[in-house]
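Have a look at the structure below, then the notes.
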Amino acid sequence: MARWWIGPKGSSTWPASSSGRGCGSPSSISRAMKEEIFGRIAALRDRMEAEGIEAALVFQKVDLFYLTGTMQDGLLYLDPSHELLLIRRHPPRAQEESPLELVLPYSSLKELPDLIRGHTGRLPEVIGLEMDVVPVGLFRRLQGLFPGGTFKDLSPLILHLRRRKSPWEVAMMERAGKIGRRVYEEVPRVLREGMTELELAGKLLQVAMAHGHQEYIRMRGFNAEAHSWHVLSGPSGAVLSSIDAPMGGLGPSPAYPMGASPKRIGRHEPILIDFGTSYWGYQADETRCFSVGRLPQRLKDAFSATREILAEVVALARPGVSCQRLFERGWEVARRLGYEDYFMGPEGYKTRFIGHGIGLEINEPPFIAEGHDYPLEEGMTVALEPKMVFPGEGAVGIENTYLVTQGGLRSLTPAPEDLIEVSP
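Just so you know, the sequence shown maps onto residues 0 to 423 in numbering that gives the first Met the number 0.
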């Protein structure tokens with residue numbers, strides 16, 4: 000098969016970590032970004048060696064972006080001495096976006112053994128794969144291509160690395176949080192009685208995208224789907240759906256049964272807006288509450304309770320504190336305040352978490368959840384989301400994304416947290 004050696008690096012558009020609108024002017028891939036990518040690769044190699052994994056094949060697009068800087072269609076082959084970025088579409092763009100030197104085109108998976116053997120001299124015997132996301136059909140094809148190979152799960156190793164964010168990653172999440180602030184600042188200007196949830200969601204999405212939001216929210220897992228426009232008003236805020244969350248919303252139709260719906264927004268009902276934003280792939284997740292006219296006092300009190308729960312969990316959180324202990328603290332406060340029946344969903348369908356890790360995906364480790372008895376570490380990023388669900392009435396809650404620092408949690412989502420009641 001003909002080989003194609005791609006020539007010298009061109010330009011790329013990696014954003015600087017300073018604040019501002021957009022992704023910055025194009026520039027050559029910086030030394031800092033090369034160090035970022037190759038540092039991740041070196042750390043993964045160390046973990047592979049410790050786990051007895053001789054080589055890795057990385058297919059999932061988010062993991063591929065994390066390790067190469069590009070999300071073009073292809074895969075990364077990684078062993079102790081080689082990193083081969085094999086791309087189907089589009090090799091020239093992958094070469095522009097990634098600091099990896101060896102970017103090779105390929106057209107069929109059956110070429111993979113020859114490509115590996117041609118550049119490394121041999122085929123690996125123990126191969127790591129992202130077992131949580133690689134389809135069975137692809138796995139069986141790889142078994143046929145590497146008949147003597149043993150396959151091990153690579154996903155826990157990659158996800159372990161992704162838990163702690165670099166300063167550059169934190170800067171991207173901060174910029175996503177600033178987009179979120181602009182979104183929530185827009186709500187009082189456009190929210191009107193009688194508009195549909197979808198209308199409001201569309202107006203907010205327009206604001207987010209005008210400031211660099213990529214629209215799509217990435218979630219790991221089979222059949223996993225996520226979106227920005229979780230706009231839930233009144234009773235639709237208490238509607239459950241397929242998503243593992245305290246509430247799901249009606250959605251546009253049974254074909255997409257979550258999030259904003261054609262329901263019209265009425266007076267004096269809670270409007271919960273859980274609007275995730277993403278900048279350069281990195282996400283921030285936050286929730287704020289609104290109403291047209293005055294919200295009933297019972298729901299105001301419940302909203303205040305979620306803020307108190309959040310404050311107590313944040314006060315406890317710091318490096319070394321167990322994620323399960325934070326989960327337990329949230330429930331302790333909910334019980335003390337008398338909201339056990341409504342906290343994190345209706346009886347029988349309560350979610351067993353109050354927070355989750357976040358970064359390139361909205362559901363990555365660590366999880367502030369029952370059974371997750373491992374410590375927070377400096378550099379982790381988590382979203383904490385205490386919420387109350389009142390069947391037939393709606394939902395209220397608060398959510399912020401935080402960076403774990405040596406001294407505690409630092410919010411990356413600066414939108415004001417108060418309940419906002421818009422005049423009819």
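Ideal Cβ positions, reconstructed from N, Cα and C, are used throughout, including at glycine.
C-beta contact flag for residue i and residue j at 8 angstroms
i: ALA382; j: ARG287; result: no
i: SER106; j: GLY68; result: no
i: PHE326; j: ILE353; result: yes
i: THR305; j: VAL403; result: no
i: GLU376; j: GLY265; result: no
i: PRO234; j: GLU392; result: yes
i: GLY247; j: LEU239; result: yes
i: LEU83; j: LEU103; result: yes
i: MET194; j: ARG263; result: yes
i: THR400; j: LEU411; result: yes
i: ARG46; j: LEU158; result: no
i: LEU231; j: LEU271; result: yes
i: MET379; j: TYR341; result: no
i: PRO364; j: ARG162; result: yes
i: GLY280; j: LEU199; result: no
i: GLU214; j: LEU204; result: yes
i: LEU408; j: VAL313; result: yes
i: PRO385; j: GLY329; result: yes
i: GLY370; j: GLN323; result: yes
i: LEU99; j: TYR76; result: no
i: LEU122; j: ARG116; result: yes
i: TYR278; j: ILE216; result: no
i: PHE289; j: VAL186; result: yes
i: MET160; j: ALA42; result: One detail in the question is off: residue 160 reads as Leu in this sequence, not Met. Contact: yes.
i: ALA207; j: ALA283; result: no
i: PRO345; j: PRO390; result: yes
i: LEU66; j: ARG39; result: yes
i: PRO166; j: PHE145; result: no
i: HIS226; j: GLY258; result: yes
i: GLU420; j: LEU294; result: yes
Per-residue burial, residue i [other beta carbons within 10 Å of its own, 16 or more giving buried]
i: VAL291; result: buried
i: ALA316; result: buried
i: ASP372; result: exposed
i: PRO79; result: exposed
i: HIS355; result: buried
i: GLU95; result: buried
i: GLN405; result: exposed
i: PHE138; result: exposed
i: SER252; result: exposed
i: GLU416; result: buried
i: ARG219; result: buried
i: GLU339; result: exposed
i: SER260; result: buried
i: THR149; result: exposed
i: GLY236; result: buried
i: MET130; result: exposed
i: GLN435; result: Here the chain has residues from 0 to 423 only, and residue 435 is not among them.
i: PRO134; result: exposed
i: PRO14; result: buried
i: GLU196; result: buried
i: GLU48; result: exposed
Distance between beta carbons of residue j and residue i, contact taken as under 8 angstroms
i: HIS210; j: PHE274; result: In fact, because the Cβ distance is near 13 angstroms, the residues do not count as touching under 8 angstroms.
Any non-hydrogen atom of the ligand GTP within 7 angstroms of residue i CB
i: HIS371; result: In the structure on display, the ligand GTP does not appear, and there are no ligands present to speak of.
Residue i: first and last residue of the uninterrupted beta strand (DSSP E) it sits in
i: GLN282; result: 281-283
i: LEU375; result: No beta strand (DSSP E) contains LEU375, which DSSP labels as neither H nor E.
i: ALA394; result: 393-396
i: PRO295; result: Where PRO295 is concerned, there is no enclosing beta strand (DSSP E), given that its DSSP letter is neither H nor E.
i: MET208; result: MET208 -> not in any beta strand (DSSP E); alpha helix (DSSP H) instead, spanning 196-209.
i: ARG87; result: 82-88
i: GLY354; result: 352-356
i: GLY127; result: 125-128
i: GLY73; result: 72-77
i: TYR215; result: Counting along the chain, TYR215 falls outside any beta strand (DSSP E), and DSSP gives it neither H nor E.
i: PHE102; result: The question names Phe, but residue 102 in the sequence shown is Val. Counting along the chain, the beta strand (DSSP E) containing VAL102 begins and ends at 102-104.
i: HIS229; result: 229-232
Extent of the continuous alpha helix (DSSP H) to which residue i belongs
i: GLY136; result: 135-144
i: LYS164; result: No alpha helix (DSSP H) holds LYS164; DSSP gives it neither H nor E.
i: GLY407; result: From DSSP, GLY407 is part of no alpha helix (DSSP H) but of the beta strand (DSSP E) over 407-410.
i: SER252; result: Run containing SER252: none; DSSP gives neither H nor E here.
i: LEU63; result: 60-67
i: ASP113; result: 111-119
i: ALA414; result: Taken as a continuous stretch (DSSP letters only), ALA414 belongs to no alpha helix (DSSP H), as it is neither H nor E.
i: LEU434; result: Given that the chain is displayed from residue 0 to residue 423, the structure contains no residue 434 and the question cannot be resolved.
i: PHE366; result: Unbroken run through PHE366 is the beta strand (DSSP E), 363-368; no alpha helix (DSSP H).
i: GLY38; result: 30-49
Touch check for the region 123-134 and the region 48-59: three-plus C-beta pairs under 8 angstroms? yes
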